[in-house]
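Participant: Below is the structure I would like to discuss, written out as structure tokens.
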Amino acid sequence: MLVSLADVARAIVSGVLIGSVYSLIAMGLALIWGVMDIINFAQGDFMMLGAFTTYWLLELAGLDPLLSLPVSFALVFALGVLTQRVVIERILQAPMVSQISATFAVLMMIRYGAEAAFGPFTRRVVTSYTGTVLRFSWTTIPLTRAIAFSISLVVAALLYLFLTRTYVGLAIRATSQNRMAASLMGIDIRRMYMLAFGIGVGVSAVGGTLLSTFFPIYPEMGGFFCLIAFIIVVFGGFGSIFGAYISGIIIGVTEAVSALFISPTLKDVVAFLLFIIIILVKPRGLFGARM
Amino acid sequence: MSLTSLLKTPLGFLSAAAVALLAAAPAVFKAADLPFPANTLLLCLMYGILAMAWNLLSGYGGQLSFGHAIFFGVGAYTTMVLMLYYDITPWIGIVAGGAVAALVGAGLGVPLFRLRSHWFALATIAAAEIFRLSFIPWKWIGGSAGLQAPIVPREKALYYLQYAGSYVYCYVAMLFLAAELVVLHRVVNSRVGYYLQAIREDEDAAMAMGINPFKYKMIAMVVSGFFTGVGGGIYAVRFRFVDPFAVFDLITISVYIVVAGILGGMYTFIGPLVGAFVFMPITEYVRVYVVSRFPRYYGLHVFVLGVVLLVIALSVPEGIVGWLEEKGYVRKLKERW
Numbered sequence: 000m001l002v003s004l005a006d007v008a009r010a011i012v013s014g015v016l017i018g019s020v021y022s023l024i025a026m027g028l029a030l031i032w033g034v035m036d037i038i039n040f041a042q043g044d045f046m047m048l049g050a051f052t053t054y055w056l057l058e059l060a061g062l063d064p065l066l067s068l069p070v071s072f073a074l075v076f077a078l079g080v081l082t083q084r085v086v087i088e089r090i091l092q093a094p095m096v097s098q099i100s101a102t103f104a105v106l107m108m109i110r111y112g113a114e115a116a117f118g119p120f121t122r123r124v125v126t127s128y129t130g131t132v133l134r135f136s137w138t139t140i141p142l143t144r145a146i147a148f149s150i151s152l153v154v155a156a157l158l159y160l161f162l163t164r165t166y167v168g169l170a171i172r173a174t175s176q177n178r179m180a181a182s183l184m185g186i187d188i189r190r191m192y193m194l195a196f197g198i199g200v201g202v203s204a205v206g207g208t209l210l211s212t213f214f215p216i217y218p219e220m221g222g223f224f225c226l227i228a229f230i231i232v233v234f235g236g237f238g239s240i241f242g243a244y245i246s247g248i249i250i251g252v253t254e255a256v257s258a259l260f261i262s263p264t265l266k267d268v269v270a271f272l273l274f275i276i277i278i279l280v281k282p283r284g285l286f287g288a289r290m
Numbered sequence: 000m001s002l003t004s005l006l007k008t009p010l011g012f013l014s015a016a017a018v019a020l021l022a023a024a025p026a027v028f029k030a031a032d033l034p035f036p037a038n039t040l041l042l043c044l045m046y047g048i049l050a051m052a053w054n055l056l057s058g059y060g061g062q063l064s065f066g067h068a069i070f071f072g073v074g075a076y077t078t079m080v081l082m083l084y085y086d087i088t089p090w091i092g093i094v095a096g097g098a099v100a101a102l103v104g105a106g107l108g109v110p111l112f113r114l115r116s117h118w119f120a121l122a123t124i125a126a127a128e129i130f131r132l133s134f135i136p137w138k139w140i141g142g143s144a145g146l147q148a149p150i151v152p153r154e155k156a157l158y159y160l161q162y163a164g165s166y167v168y169c170y171v172a173m174l175f176l177a178a179e180l181v182v183l184h185r186v187v188n189s190r191v192g193y194y195l196q197a198i199r200e201d202e203d204a205a206m207a208m209g210i211n212p213f214k215y216k217m218i219a220m221v222v223s224g225f226f227t228g229v230g231g232g233i234y235a236v237r238f239r240f241v242d243p244f245a246v247f248d249l250i251t252i253s254v255y256i257v258v259a260g261i262l263g264g265m266y267t268f269i270g271p272l273v274g275a276f277v278f279m280p281i282t283e284y285v286r287v288y289v290v291s292r293f294p295r296y297y298g299l300h301v302f303v304l305g306v307v308l309l310v311i312a313l314s315v316p317e318g319i320v321g322w323l324e325e326k327g328y329v330r331k332l333k334e335r336w
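Chains as they are written, first to last, in numbering that gives the first Met the number 0: chain A, 0 to 290; chain B, 0 to 336.
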């Protein structure tokens, strides 16, 4: 098979665009993992809820995905806070088995609850600009993906500013570094955990909203994206939020470029093999410093 | 303890009665033409086999696996391929499926046992995905369409282990379950079982005592893989159909096994079997009586299972049998036998 340089360039561009959405999902996972040391297997399903919020707001109220974005964040944030209070808070000190099974239970309830509620159908979010493409001399970019990329950058920047420039953000990071010391400094740990979990799943929901503008949505979609997010987080060094952003883009590009050379199913096999090799060889990831 | 004196203890009598009931049940279901209880019983027995096998590695050994679908799928495919392509009876095929699954377990153990706690769990999920994705384009074994066994004439039913309904398969499953119980009981009450528990509690301390964790985890993985593969073989002959999506499924195979194990009690001998007998009827009831009648609500049975798992994980993490043991309603099996 002959692959021209232009094909590779186009693959890189499309990889960066899709990778920026992967990054948002992975950042949420990394935030929760880093702050609370909880692996949230339901991350992809919170993302799916974001996508479905967008879909229903468009169907029922005619709200544009860009306008429903804050709603999807807020709704999933609230659900995340609730999950934190009802489930996660009670398993923070529990053995690993209880932790993993509890987040798996949340996964099953959200994913299959959504399937029972919405039906197992595949849906599309169609707006007036869905088919619009930006034309360049050497490639074309769908407008929806360009928008998704820009918003992803903005959200990542906002999260960065929040975690490094605000009191609450600093408090969340302090909690992740040393829970005891943070609580001695007068930080309300419970509140920080609720915020971290809410923001973590909320950011993923924003990723879901952006994804829904150019990707078919269905209740079980979270499974694939959660696994991708795991690969990204491990690749970026677990707990490192900004490592997750960069490695999300790297994974997106790798995926798009390798699709030129190998078949789509084998492409995912390579990704999972990489995942196992990375945790075997370099468990701290490429950007392995904690936050 | 002899059988007659065992019958005199209340729990011994209850267990004997349960075994007798279980043995009579499929025949009664067949006579009364009750397919639903028979199907459910078969699933209870099958997931019982799987969860008991899983518990050796994940409960006794503490190596939490979310990838047991690998062994299940490999066992199912081996049985099917031997039957379809080489005309080998499933009676051998099921055992061969277990053997191949055990080999796969040994192969996977080499890299995966370098990982601890949640890293091991994550790697098993990734490994199961790799198996599923690699079987999809594998044309020789049917690719994504899977393999289907043709209907055979009645006189060959015993050779190809092909019977209508679940009734006969219940006895097949009971046979393998009995064999598994004997083997596992010996393993957990031997040096291997004690070393595994030592490794689970504190791997570094176990190493300091001269235990080689890799060796004992490997034994647990091989035995666990074998019986999970046997479970897959039983599935293949019962449903006469295997495809990569069904047999390597993360939720309906790997996670269901974990749910049965946790629900019944991971750190107990018989717990996972009890767990399978508790959760399978619930989810099957919802699936058959609610979801099949109202297909609109497809997925509800898994949702219900999620609720069960959440309640268990939050309020009774030691599981049903673990809780009974703690309260003193049942003595630990080890002390009694």
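Glycine is no exception: its CB is placed at the ideal position from the N, C-alpha and C atoms.
The structure displayed is predicted, hence computed values, not measured ones.
Below 8 Å, can you find three or more Cβ-Cβ pairs linking the segment 28-42 of chain A to the segment 210-220 of chain A?
Facilitator: With a cut-off of 8 Å, the segment 210-220 of chain A and the segment 28-42 of chain A do not count as touching, because too few Cβ pairs lie within range.
Participant: According to DSSP, is E334(B) helix, strand or coil?
Facilitator: At E334(B) the pLDDT is 43, less than 50, meaning the model places this residue with poor confidence; the figure from the coordinates comes in the next sentence. DSSP places E334(B) in helix when its eight states are reduced to three.
Participant: Is the segment 49-68 of chain A close to the segment 118-129 of chain A, with three or more CB pairs under 8 Å?
Facilitator: Yes, they touch.
Participant: Relative to chain B, which residues along the segment 199-219 of chain A have a C-beta separation below 8 Å, given in chain order?
Facilitator: Cβ contacts with chain B come from P218.
Participant: Report yes if the C-beta distance between G260(B) and A50(B) is below 8 Å; otherwise report no.
Facilitator: A contact, by the Cβ cut-off of 8 Å.
Participant: Could you give the DSSP three-state label for F240(B): helix, strand or coil?
Facilitator: If DSSP states are grouped into helix, strand and coil, F240(B) belongs with the strands.
Participant: Bridge partners for I37(A) per DSSP, in chain order?
Facilitator: According to DSSP, I37(A) bridges with nothing at all.
Participant: Hey, V320(B) and G263(B): beta-carbon distance below 8 Å or not?
Facilitator: It is a contact, given that the beta carbons lie within the stated cut-off.
Participant: Verify whether the separation of the beta carbon atoms of V303(B) and I281(B) is less than 8 Å.
Facilitator: Result yes, Cβ atoms of V303(B) and I281(B) sit closer than 8 Å.
Participant: What are the boundary residues of the alpha helix (DSSP H) that I140(A) is part of?
Facilitator: Not the alpha helix (DSSP H): I140(A) falls in the beta strand (DSSP E), residues 139-141.
Participant: Looking at the secondary structure, which residues open and close the beta strand (DSSP E) in which V287(B) lies?
Facilitator: No beta strand (DSSP E) holds V287(B); DSSP gives it neither H nor E.
Participant: Assign Q161(B) to one of three DSSP states: helix, strand, or coil.
Facilitator: Coil.
Participant: Locate the alpha helix (DSSP H) running through V151(B), then write down its first and last residues.
Facilitator: V151(B) -> no alpha helix (DSSP H), and no H or E assigned at all.
Participant: Helix, strand or coil for S124(A), going by three-state DSSP, please let me know.
Facilitator: Checking the sequence shown, residue 124(A) turns out to be Val, not Ser. It is coil, neither helix nor strand.
Participant: From G14(A), A195(A), I198(A), I171(A), pick the residue whose C-alpha is nearest to that of G185(A); which is it?
Facilitator: The shortest C-alpha separation from G185(A) is found at I171(A).
Participant: My understanding is that L176(B) touches G47(B), with C-beta atoms under 8 Å, so please give their C-beta distance in whole angstroms.
Facilitator: Confirmed, about 6 Å.
Participant: Could you give the distance in angstroms between the alpha-carbon of I124(B) and the alpha-carbon of A31(B)?
Facilitator: When rounded, the distance between both Cα atoms is 42 Å.
Participant: Beta strand (DSSP E) containing R134(A): first to last residue?
Facilitator: Run containing R134(A): 132-134, per the beta strand (DSSP E) assignment.
Participant: Rounding to the nearest angstrom, what Cα-Cα distance links E324(B) and L313(B) in this structure?
Facilitator: Rounded to the nearest angstrom, the two C-alpha atoms are 19 Å apart.
Participant: To the nearest angstrom, how far is it from the Cα of G228(B) to the Cα of L83(B)?
Facilitator: The straight-line gap from Cα to Cα measures roughly 18 Å.
Participant: If we count the other Cβ atoms within 10 Å of its Cβ and call it buried at 16 or more, is F155(B) buried or exposed?
Facilitator: According to the sequence shown, residue 155(B) is Lys rather than Phe. So K155(B) counts as exposed.
Participant: Could you compute how far the alpha carbon of T53(A) sits from the alpha carbon of L272(A)?
Facilitator: Near 34 Å, if we compare the C-alpha coordinates of L272(A) and T53(A).
Participant: For a minimum of 4 consecutive residues, which ranges assigned as the alpha helix (DSSP H) are wholly contained in the segment 35-112 of chain B?
Facilitator: For the segment 35-112 of chain B, whole alpha helix (DSSP H) runs of length 4 or above, ordered along the chain, are 68-85, 89-111.
Participant: Rounded to a whole number of angstroms, what is the C-alpha to C-alpha distance between V258(B) and R189(A)?
Facilitator: Rounded to whole angstroms, V258(B) to R189(A) spans 29 Å at the Cα level.
Participant: Hey, how far is the Cα of V151(B) from the Cα of Y159(B)?
Facilitator: Using only the alpha carbons, I get a separation of about 8 Å.
Participant: Which word fits Y166(A), buried or exposed, when buried means at least 16 other C-beta atoms lie within 10 angstroms of its C-beta?
Facilitator: Its Cβ having fewer than 16 others within 10 Å, Y166(A) is exposed.
Participant: When burial is assigned at 16 or more other CB atoms within 10 Å of the CB, is S3(A) buried or exposed?
Facilitator: By the 10 Å Cβ count, S3(A) comes out exposed.
Participant: To the nearest angstrom, report how far apart R342(B) and L226(A) are at their CA atoms.
Facilitator: Within the shown structure, residues of chain B are numbered from 0 to 336, placing residue 342(B) beyond reach of any answer.
Participant: Just mark K216(B) as buried or exposed, buried being the case when its beta carbon has 16 or more other beta carbons within 10 Å.
Facilitator: Buried.
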